[in-house]
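Engineer: Below: one structure in structure tokens.
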Amino acid sequence: MTIKEVSEKYGITQDTLRYYERVGMIPPVTRTSSGIRNYNKNDLAWVQQSINMRNFLDRFDVQEVLKNNRLTSTQIIEDVFSLL
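Take the sequence shown: its position 84, counting from 1, is numbered 185 in the working numbering, and each next residue is one higher.
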């Protein structure tokens, strides 16, 4: 999926998606040979997870959990609850 398609799917701006990638809230997204971001299922899962976590935590807490802990969903949920 392109950045436009992902932004429409999740109701967030393209700038927000770029920000998530820049600060490490989602892993670097693969790009086509022409440099266009190409989001796969794994990337979409990270986007969804970032959005869900932002609903519960401060931005910096989300960054810490996602950037420093490339963990399983269960481990991330446990980390989130430990911060609450």
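Glycine included, each C-beta is placed from N, C-alpha and C at the ideal position. Note that this is a predicted model, so its numbers are computed, not measured.
Checking 8 Å against the spacing of the C-beta atoms, do Val-130 and Asp-116 come in under that value?
Structural biologist: Contact: no.
Engineer: If Ile-104 and Arg-138 are in contact, beta carbons under 8 Å, what's the gap, nearest whole angstrom?
Structural biologist: Ile-104 to Arg-138, Cβ: 5 Å. Contact.
Engineer: On the CB-based measure, 16 or more other CB atoms within 10 Å of its CB, does Glu-122 come out buried or exposed?
Structural biologist: So Glu-122 ends up on the buried side.
Engineer: Kindly list the residues whose CB is nearer than 7 Å to the CB of Ile-127, restricted to its own chain and excluding five residues on each side of it in sequence; keep chain order.
Structural biologist: Result list for Ile-127: Tyr-121, Asp-144, Trp-147, Val-148, Ser-151, in chain order.
Engineer: Residues in its own chain within less than 8 Å of Asn-133 by CB, not counting five upstream and five downstream?
Structural biologist: Note on residue identity: the sequence assigns Thr, not Asn, to residue 133. Answer for Thr-133: Asn-139, listed in chain order.
Engineer: Along the alpha helix (DSSP H) that carries Leu-123, what are the first and last residues, could you check?
Structural biologist: Per the sequence shown, residue 123 should be read as Arg rather than Leu. Per DSSP, Arg-123 belongs to the alpha helix (DSSP H) from 115-123.
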